[in-house]
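Asker: Here it is, the structure, as structure tokens.
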Amino acid sequence: MLARMKSSLLLVILCLSLVVSACSASPANTGESSSKPVTQSGTATADESVDLVRLTWGDSGYPSPFAFSPSGPGGYLRNSFLFDTLTWKDESGVIPWLAKSWEISKDELTYTFKLEQDVTWHDGKPFTAEDVVFSFNYYKKFPFNWTGDFSHIESVTKSDDYTVVFTIKNKYAAFLSDLVGIVPIIPKHVWEKVDKPVEFRDDAALVGTGPYTLKQYDEKSGQYLYAANPNYFKGEVLVKEVAYVNSSNKVLSLQNKEIDAGYTVNYSEVENMLSQGFKMIQSDPTGSALRITFNLDHPQLKDKRLRQAIAYALDREEMSRKITGGDPIVGNAGIIPPDSPWYNNSVKQYEYNITKAERILDELGYTKNANGIRELLKLKVMVSSTSQESQVMQEMLKKVGIELNIQQVDSAAFTAAMGENKYDMAITGHIGLSGDPDYLRLWFMGQASNTYAARGKTWKNEDFQRLAIKQMQELDFDKRKAIIGKMQDILAEELPTLVLYHRPFYFMYNPDVYNRWTNTYGGIADGIPLWDNKVFFIDVKK
Amino acid sequence: MVFHFGITRCSLSMSKSKQIYTYVGVLVFVLLLNFWLPRLLPGGPADFLTGGTEDGAIFVSEAQKEAMLTYYNLNDSLWVQFLTYVKGIFTLDFGLSINYKTPVFDVILVRLPWTLLIVGAATVLSTIIGILIGLFSAWRYPGKTDRSLFLTMLGLSAIPEFLIGMILLILLASNLQWFPLGGAETAFLRSDYWLDHVLDVGKHLVLPVVTLTIGNLASIYLLMRNESIRVRNEPFIEFAAAKGIGERAVVRGHVARNAALPLVTIIVIRIGGLLAGSVLVETVFSYPGIGKLLQEAILARDYPLLHGLFLLLTVFVLLLNMIADIIYPWLDPRIRVAKRGDGQ
Numbered sequence: 022m023l024a025r026m027k028s029s030l031l032l033v034i035l036c037l038s039l040v041v042s043a044c045s046a047s048p049a050n051t052g053e054s055s056s057k058p059v060t061q062s063g064t065a066t067a068d069e070s071v072d073l074v075r076l077t078w079g080d081s082g083y084p085s086p087f088a089f090s091p092s093g094p095g096g097y098l099r100n101s102f103l104f105d106t107l108t109w110k111d112e113s114g115v116i117p118w119l120a121k122s123w124e125i126s127k128d129e130l131t132y133t134f135k136l137e138q139d140v141t142w143h144d145g146k147p148f149t150a151e152d153v154v155f156s157f158n159y160y161k162k163f164p165f166n167w168t169g170d171f172s173h174i175e176s177v178t179k180s181d182d183y184t185v186v187f188t189i190k191n192k193y194a195a196f197l198s199d200l201v202g203i204v205p206i207i208p209k210h211v212w213e214k215v216d217k218p219v220e221f222r223d224d225a226a227l228v229g230t231g232p233y234t235l236k237q238y239d240e241k242s243g244q245y246l247y248a249a250n251p252n253y254f255k256g257e258v259l260v261k262e263v264a265y266v267n268s269s270n271k272v273l274s275l276q277n278k279e280i281d282a283g284y285t286v287n288y289s290e291v292e293n294m295l296s297q298g299f300k301m302i303q304s305d306p307t308g309s310a311l312r313i314t315f316n317l318d319h320p321q322l323k324d325k326r327l328r329q330a331i332a333y334a335l336d337r338e339e340m341s342r343k344i345t346g347g348d349p350i351v352g353n354a355g356i357i358p359p360d361s362p363w364y365n366n367s368v369k370q371y372e373y374n375i376t377k378a379e380r381i382l383d384e385l386g387y388t389k390n391a392n393g394i395r396e397l398l399k400l401k402v403m404v405s406s407t408s409q410e411s412q413v414m415q416e417m418l419k420k421v422g423i424e425l426n427i428q429q430v431d432s433a434a435f436t437a438a439m440g441e442n443k444y445d446m447a448i449t450g451h452i453g454l455s456g457d458p459d460y461l462r463l464w465f466m467g468q469a470s471n472t473y474a475a476r477g478k479t480w481k482n483e484d485f486q487r488l489a490i491k492q493m494q495e496l497d498f499d500k501r502k503a504i505i506g507k508m509q510d511i512l513a514e515e516l517p518t519l520v521l522y523h524r525p526f527y528f529m530y531n532p533d534v535y536n537r538w539t540n541t542y543g544g545i546a547d548g549i550p551l552w553d554n555k556v557f558f559i560d561v562k563k
Numbered sequence: 045m046v047f048h049f050g051i052t053r054c055s056l057s058m059s060k061s062k063q064i065y066t067y068v069g070v071l072v073f074v075l076l077l078n079f080w081l082p083r084l085l086p087g088g089p090a091d092f093l094t095g096g097t098e099d100g101a102i103f104v105s106e107a108q109k110e111a112m113l114t115y116y117n118l119n120d121s122l123w124v125q126f127l128t129y130v131k132g133i134f135t136l137d138f139g140l141s142i143n144y145k146t147p148v149f150d151v152i153l154v155r156l157p158w159t160l161l162i163v164g165a166a167t168v169l170s171t172i173i174g175i176l177i178g179l180f181s182a183w184r185y186p187g188k189t190d191r192s193l194f195l196t197m198l199g200l201s202a203i204p205e206f207l208i209g210m211i212l213l214i215l216l217a218s219n220l221q222w223f224p225l226g227g228a229e230t231a232f233l234r235s236d237y238w239l240d241h242v243l244d245v246g247k248h249l250v251l252p253v254v255t256l257t258i259g260n261l262a263s264i265y266l267l268m269r270n271e272s273i274r275v276r277n278e279p280f281i282e283f284a285a286a287k288g289i290g291e292r293a294v295v296r297g298h299v300a301r302n303a304a305l306p307l308v309t310i311i312v313i314r315i316g317g318l319l320a321g322s323v324l325v326e327t328v329f330s331y332p333g334i335g336k337l338l339q340e341a342i343l344a345r346d347y348p349l350l351h352g353l354f355l356l357l358t359v360f361v362l363l364l365n366m367i368a369d370i371i372y373p374w375l376d377p378r379i380r381v382a383k384r385g386d387g388q
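First to last, the sequence lines map onto chains A and B. Just so we're aligned: the first sequence equals residues 22 to 563 in the numbering used here. Just so we're aligned: the second sequence equals residues 45 to 388 in the numbering used here.
This is the structure:
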């Protein structure tokens, strides 16, 4: 009896160990193998080419144009390594890419693009105007996963194999950067047979014209290994392999040489890294902002004087200094970052002024009781992650007698509450302020359904709406800048949202591995203030 | 522990059909809960996807959002969605994960082996170590060694797993850098030798497994110790000792074997607990198993993926319980005989 029991116990243990050993054997399928361990990163050679650069980002999904994760810019950037667009951006702004040149008609409604002629898809087939026409028609049926407002397009036709003509419904200033500069061109010979693009997982789903092919995708951890395309039309790809790995702590991983570059928003981390021989680039323009969105339907907050009082009551310079540790960039009341070419430097600003704040609050009838608390004014601020800003804000508003409650919810609940208008104020930190200023229109005219705008709603301000449409149709920089300036004036006066501070991203890198990093003018694509722009990995033929 | 033991005995005395009814009942209940519970959370999958992250704003247009909702049938009425779900259970097809845009089955399959690996290793380790320390403790009972072991184990069982994980992470991975900070293997490790890969996986395995083992150790230790002390007082042990068998042989041959019997049940049932514990541990060590996947799926309100994961976990736990029910009489002839007697 006892022997039987012992053997069965052994059996259980044996089974488990079998499972264990089977598992440890199977997942180690590390694709192709070469002799060098990955910890040995490439070093720059005489011709500036580099074997491997390792960057860090989380899982961004399968990088086909229909399956990458739209949550954050990672998915779009992973996709942009494989696929190309008609135009692209480098440190100087919009540059020719798949289109080598273009002409704009007098009425500014027709764009004629001349395409590059020696481009081949990763599978060897030639790229032609047919693919461009097909792509834009296909996206009409199956929406692209990222931005790009297709509703402006009237028609896309080809006039010969290497010429494409776009006709648009209205003048659109951001057409070159925010539409044809974002939407990837896909091969007709692959996708014309696909009617469920989201689920399409064939190797062909990743066939683009881009500088890289995906050598390996570690699905369980969301890690990517890209290999250079040896026949790239735009020039030699200098970084032969790019790896995106998951790292739970960028600074630690950088120090341990597990990655070669990474960014932070915390300046004290930067100082520490600089002292260890790493180099740093600050995003310019800052592009990222922390801001309060006010619920304009709230019975108290719908009065702009209360919103202005809150702006006066917040020492935003102090807040920014405390939280980022760097030189503070106080939020422009007109939203556009002060280092942007679109910034209006005469816009009304709200300096830190408790007396003014108290006076407005008194005038509004929110009188203080014996304990210095304005009993009639109890507000809530909603945050989707631990937000130091909300805590600092709570302290600062206490000084003027406003009681602020912090509601912390998860991301989905946050977005849902914004959509249903079940909030007083909400704090968000996000990018998207360095690109084409058309985002001001998208945010406040119900075009963008994300949390960062007045979601699903239009901000009912007729002057603003009129100007927003006008700037969209103005292609002359100076004239457009004047209109954008007026829009900033309205925003600053009305304060539908208050930018607390503009937050630079600091990109830290190991210069011994790769040092051709630069800021992209206006941010990659629609204004992504990051540095893994494919153009900086290529020796572009001028 | 005794309580558990009682339950098992109880269910054993039930007739077979009754037992099956119970399992089916629990399964149906969980399947219903599985559909409705995630939908009670505020916000839906579209909210998560359009919410963006700290790193990025996205301007998903209303048209794109609409297309997304239609694509995943989230525009259908709840009842239609429920019918689709029920159909999915029978065909084992839960559809596409909303977050990963890949069939739920595939998403889980890629990550499942990693969870089985750490849960399996932790089960084996905690069982062996728990039994050995438990026996040793009982052997020294009553005495200082037993007392201090007993208190240490009680203390350990009171610390939540994620806290143990955090402490290990900060000490051994962050400060001393003996182990990697997270993940299951070095990204894109290049080596022709399979041994390098095994060692690499092993290195990443240590901290999660140690955390789970510590979390699971106490219950096994406590049961083994108490059972051993009970068995030690039985007359047949006294008889064996009186026969002149050495103390070690008595412990090994008589005490251990008899005390281990109820352990089999508890070990099998504890595997379910380990699976649950893996959610926390995998999150702490960013280990790419189904525990971390579950946490992400909840945050993303990825309904299809949640359905798949909950079903998997439910079936797993129910199966483990069934195994415990079946294995016990097979191991203990006394019960087997009693059962046969019942039937006649």
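Ideal Cβ positions, reconstructed from N, Cα and C, are used throughout, including at glycine.
In terms of alpha-carbon separation, which member of B/T257, B/M268, B/P332, B/S141 lies closest to B/G164?
Answerer: On the second sequence, residue 164 of chain B is found 120 positions in, with the first residue counted as 1. For B/G164, the closest of B/T257, B/M268, B/P332, B/S141 by C-alpha to C-alpha distance is B/T257.
Asker: B/F149 versus chain A: which residues are under 9 Å apart at the beta carbon?
Answerer: Within the second sequence, the letter at position 105 stands for residue 149 of chain B. At a C-beta separation below 9 Å, B/F149 has no neighbours in chain A, since its nearest C-beta there lies roughly 13 Å away.
Asker: When you compare the segment 190–210 of chain A with the segment 149–166 of chain A, are there three or more beta-carbon pairs, one atom per stretch, that lie closer than 8 Å?
Answerer: yes
Asker: Name the residue from A/S361, A/S85, A/F299 whose alpha carbon lies nearest to the alpha carbon of A/G231.
Answerer: Indexing the first sequence from 1 puts residue 231 of chain A at position 210. Of A/S361, A/S85, A/F299, the residue nearest in Cα terms is A/S85.
Asker: Taking A/F134 as the reference, which of A/E112, A/T108, A/A264, A/T141 has the closest Cα?
Answerer: Translated into positions along the first sequence, residue 134 of chain A becomes position 113. The candidate whose alpha carbon is nearest that of A/F134 is A/T108.
Asker: I want to verify the contact list: residues of chain A whose CB lies under 9 Å from the CB of B/A344, in sequence order.
Answerer: Residue mapping note: residue 344 of chain B aligns to position 300 of the second sequence, counting from 1. Those within 9 Å of B/A344 in chain A are S92, S432, A433.
Asker: DSSP has A/T141 in a bridge; who is on the other side?
Answerer: Taking the first sequence and counting its residues from 1, the one referred to as residue 141 of chain A is at position 120. Beta-bridge pairing links A/T141 to A/P147.
Asker: What residues in the segment 253–266 of chain A have a beta carbon less than 9 Å from any beta carbon of chain B?
Answerer: E262, A264, Y265, V266
Asker: Going by DSSP, what residue range makes up the alpha helix (DSSP H) through B/M197?
Answerer: Residue numbering aside, residue 197 of chain B sits at position 153 when the second sequence is read from its first letter. Residues 188–202.
Asker: Which residue or residues does DSSP assign as beta-bridge partners of A/D239?
Answerer: Position 218 of the first sequence, counted from the first residue, corresponds to residue 239 of chain A. Secondary-structure assignment with DSSP links A/D239 through a beta bridge to A/Q244.
Asker: So with CB distances below 9 Å, who are the chain B contacts of A/V215?
Answerer: Here the question's residue 215 of chain A lines up with position 194 in the first sequence. At a C-beta separation below 9 Å, A/V215 has no neighbours in chain B, since its nearest C-beta there lies roughly 14 Å away.
Asker: At what residue ranges does the segment 354–402 of chain A contain a whole run of the alpha helix (DSSP H), taking only runs of 4 or more?
Answerer: 375–384
Asker: Taking the alpha-carbon positions, what's the B/F73 to B/K62 distance?
Answerer: Within the second sequence, residue 73 of chain B is the residue found at index 29, counting from 1. Within the second sequence, residue 62 of chain B is the residue found at index 18, counting from 1. Distance between the alpha carbons of B/F73 and B/K62: 16 Å.
Asker: Where does A/P251 land, buried or exposed, given buried means 16+ other C-beta within 10 angstroms?
Answerer: Residue 251 of chain A sits at position 230 when you count from the first residue of the first sequence. Under this definition A/P251 is an exposed residue.
Asker: Name the residues in the segment 517–549 of chain A whose C-beta lies less than 8 Å from a C-beta of chain B; which are they?
Answerer: D547, I549
Asker: Assuming the contact rule is C-beta atoms closer than 8 Å, A/Y284 and A/Y527 should be a hit. Round their C-beta distance to whole Å, please.
Answerer: The count along the first sequence starts at 1 and reaches residue 284 of chain A at position 263. The count along the first sequence starts at 1 and reaches residue 527 of chain A at position 506. So it is a contact: roughly 6 Å between Cβ atoms.
Asker: Starting from A/K214, follow the alpha helix (DSSP H) in both directions and report where the run begins and ends.
Answerer: As a working mapping, residue 214 of chain A is identified with position 193 in the first sequence. No alpha helix (DSSP H) holds A/K214; DSSP gives it neither H nor E.
Asker: Say whether chain A places a C-beta atom closer than 9 Å to the C-beta of B/I370.
Answerer: Against the second sequence, residue 370 of chain B aligns to sequence position 326. With 9 Å as the cut-off, B/I370 does not count as an interface residue toward chain A.
Asker: With distances taken Cα to Cα, identify the nearest neighbour of A/E69 among A/Y542, A/G543, A/P532.
Answerer: One-based indexing of the first sequence puts residue 69 of chain A at position 48. Nearest option by C-alpha distance: A/P532.
Asker: Is it buried or exposed, B/R14, if we count other Cβ atoms within 10 angstroms and call 16 or more buried?
Answerer: Past the edges of chain B, shown from 45 to 388, lies residue 14 of chain B, and the structure says nothing about it.
Asker: Considering only C-alpha positions, which residue in the set A/S274, A/D547, A/D181 is nearest to A/L136?
Answerer: Translated into the one-based positions of the first sequence, residue 136 of chain A becomes position 115. Residue A/D181 is the option with its Cα nearest to A/L136.
Asker: Closest to A/L235 by CA distance: which of A/A332, A/E257, A/L98 is it?
Answerer: Locating residue 235 of chain A in the first sequence gives position 214, counting from the first residue. When only C-alpha atoms are compared, the closest one is A/L98.
Asker: Tell me the DSSP secondary structure of A/D445 in three-state form.
Answerer: Taking the first residue of the first sequence as position 1, residue 445 of chain A is located at position 424. In the structure shown, A/D445 sits in coil (DSSP, three-state: anything other than H, G, I, E or B).
Asker: Given 8 Å as the limit, is there contact between the segment 322–329 of chain B and the segment 281–292 of chain B, that is, 3 or more CB pairs closer than that?
Answerer: no
Asker: Can you confirm whether the segment 303–316 of chain A touches the segment 352–372 of chain A when touching is taken to mean that 3 or more C-beta pairs between the two stretches lie within less than 8 Å?
Answerer: Short answer: they touch.
Asker: Under 8 Å: do the segment 256–264 of chain A and the segment 272–279 of chain A share three or more Cβ pairs, one atom per stretch?
Answerer: no
Asker: For the segment 262–338 of chain A, which segments carrying the alpha helix (DSSP H) assignment without a break, of at least 4 residues, lie completely within its bounds, in sequence order?
Answerer: 271–276, 288–295, 325–334
Asker: Any C-beta of chain A sitting closer than 9 Å to the C-beta of B/S330?
Answerer: Working through the second sequence from its first residue, we reach residue 330 of chain B at position 286. For B/S330, the answer is yes, since a Cβ of chain A falls inside 9 Å of its Cβ.
Asker: A/Y132: which of A/T178, A/R75, A/D105 sits nearest, CA to CA?
Answerer: Translated into positions along the first sequence, residue 132 of chain A becomes position 111. Cα-wise, what sits closest to A/Y132 is A/T178.
Asker: Is there at least one Cβ from chain B nearer than 9 Å to A/K481's Cβ?
Answerer: Taking the first residue of the first sequence as 1, we reach residue 481 of chain A at position 460. It does not: the Cβ of A/K481 has no partner Cβ on chain B nearer than 9 Å.
Asker: What are the boundary residues of the alpha helix (DSSP H) that B/D376 is part of?
Answerer: Working through the second sequence from its first residue, we reach residue 376 of chain B at position 332. That residue, B/D376, is in no alpha helix (DSSP H); it is neither H nor E in DSSP.
Asker: Closer than 8 Å by C-beta to A/R524: which residues in its own chain qualify, once you throw out the five before and the five after it? Chain order, please.
Answerer: Taking the first residue of the first sequence as position 1, residue 524 of chain A is located at position 503. The residues are V286, T307, S309, A310, L311, S341, T345, I350, G450.
Asker: In terms of DSSP beta bridges, what is A/Q409 paired with?
Answerer: Locating residue 409 of chain A in the first sequence gives position 388, counting from the first residue. A/Q409 is not bridged to any residue.
Asker: As a quick exercise: from A/G298, A/N316, A/A120, A/I174, pick the residue whose alpha carbon is nearest that of A/F148.
Answerer: Start at 1 with the first residue of the first sequence, and residue 148 of chain A comes out as number 127. Of the candidates A/G298, A/N316, A/A120, A/I174, the one whose C-alpha sits nearest the C-alpha of A/F148 is A/A120.
Asker: Taking CB distances under 9 Å as the criterion, tell me whether A/V219 reaches chain B.
Answerer: Position 198 of the first sequence, counted from the first residue, corresponds to residue 219 of chain A. Yes, A/V219 lies at the interface with chain B (some Cβ there is under 9 Å from its Cβ).
Asker: State buried or exposed for B/Y237, treating a residue as buried only when at least 16 other CB atoms are found within 10 Å of its CB.
Answerer: Here residue 237 of chain B refers to the residue found at position 193 of the second sequence. It is exposed - the Cβ of B/Y237 has fewer than 16 other Cβ atoms within 10 Å.
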